[in-house]
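Enquirer:
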Amino acid sequence: MKKSILIIGVIGAFIALLVMLLPKPKPADVVIMWHTGLYNANYDLVEKHTSATAVDYIKNKGGIARIVKKYQDSADKEGRGLIELISHSVNADKAIVNYKSYYRKTGATVFFQDTLFLE
């Protein structure tokens, strides 16, 4: 009985160590994944990387479904924005990311700051 509990504990510790050692995506990758999720209506991907700051933004804009529709309409009208990372800072599992999005059809450049989860 004690031996099986010990084995289960060792296996659990090994799995936890592996999870900790897995590389986290870079902030630029997370920004691109988040926006791609919005453009493609991939709600799971959007929710996975949405931090408290972004949740407030989404709530104020009417929810994820409304944001996704806005992004898709914007992509149809202005062309999907090309994202360029300006700067970022990482704090544990979050990144504060400053970036700009350039829209090909209208020539508009929009600057953003998001706090996103790096999980």
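Heads up: the sequence shown begins at -2 in the working numbering, then just goes up one per residue.
Each residue gets a CB set at the ideal place from its N, CA and C atoms; glycine is no exception.
Predicted model, so just to flag it, every value in this text is computed and none were measured.
Please report the distance separating the alpha-carbon of residue 94 from that of residue 72.
Expert: Straight-line Cα distance between these residues: approximately 22 Å.
Enquirer: For residue 92, is the classification buried or exposed, using 16 other Cβ atoms within 10 angstroms of its Cβ as the cut-off for buried?
Expert: It counts as buried.
Enquirer: Within the same chain, show all residues whose beta-carbon is closer than 7 Å to that of residue 65, passing over the 5 residues directly before and after it, in chain order.
Expert: So the list reads 35 and 38, once near-sequence residues are dropped.
Enquirer: Check residue 92 in the structure and name its three-state DSSP category.
Expert: Residue 92 falls in the strand class under three-state DSSP.
Enquirer: CB-CB under 6 Å to residue 25, same chain, minus the five flanking residues each way: which ones, in chain order?
Expert: Only 82 meet the Cβ criterion.
Enquirer: Bridge partners for residue 107 per DSSP, in chain order?
Expert: DSSP, once it has assigned bridges, lists 98 as partnering residue 107.
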